[in-house]
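K.L.:
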Amino acid sequence: MVKILLLDQRLDPSIHNNQSLVVALQQGYQDIVTLLLEDSRINPTGQDSQSFIIALHGGNTKLSSVL
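For what it's worth, the numbering used here labels the leading residue of the sequence shown as 464, then goes sequentially.
Now the structure itself:
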């Protein structure tokens, strides 16, 4: 489903400071994190690298390495 949504250029996965990436990281959805990171509209270093902080804070080293 995420792949299909990302193909729709009317949708912006980076809206609200990459909130989709942040939520996927918080929930530990590695496949979705990977898909989002493949999208050029997502900036994992945005918002003071909050994505990295969330992944590390949650102890998810697998997701941290994906970032």
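We put the beta carbon where it would ideally sit given N, CA and C, even for glycine.
Considering only their Cβ atoms, is the gap separating residue 465 from residue 495 smaller than 9 Å?
P.N.:
Yes. Within cutoff.
K.L.:
Can you tell me which of 502, 517 and 525 puts its alpha carbon nearest to the alpha carbon of residue 471?
P.N.:
When each option's Cα is compared against that of residue 471, the closest is 502.
K.L.:
Helix, strand or coil for residue 491 per DSSP?
P.N.:
Coil at residue 491, not helix or strand.
K.L.:
Under a Cβ-count criterion, where at least 16 other Cβ atoms within 10 Å of its own Cβ denotes burial, should residue 488 be classed as buried or exposed?
P.N.:
When all chains shown are included, residue 488 counts as buried.
K.L.:
Would you decide whether residue 517 is buried or exposed? Buried here means 16 or more other CB atoms lie within 10 Å of its CB.
P.N.:
Its Cβ being crowded by 16 or more others within 10 Å, residue 517 is buried.
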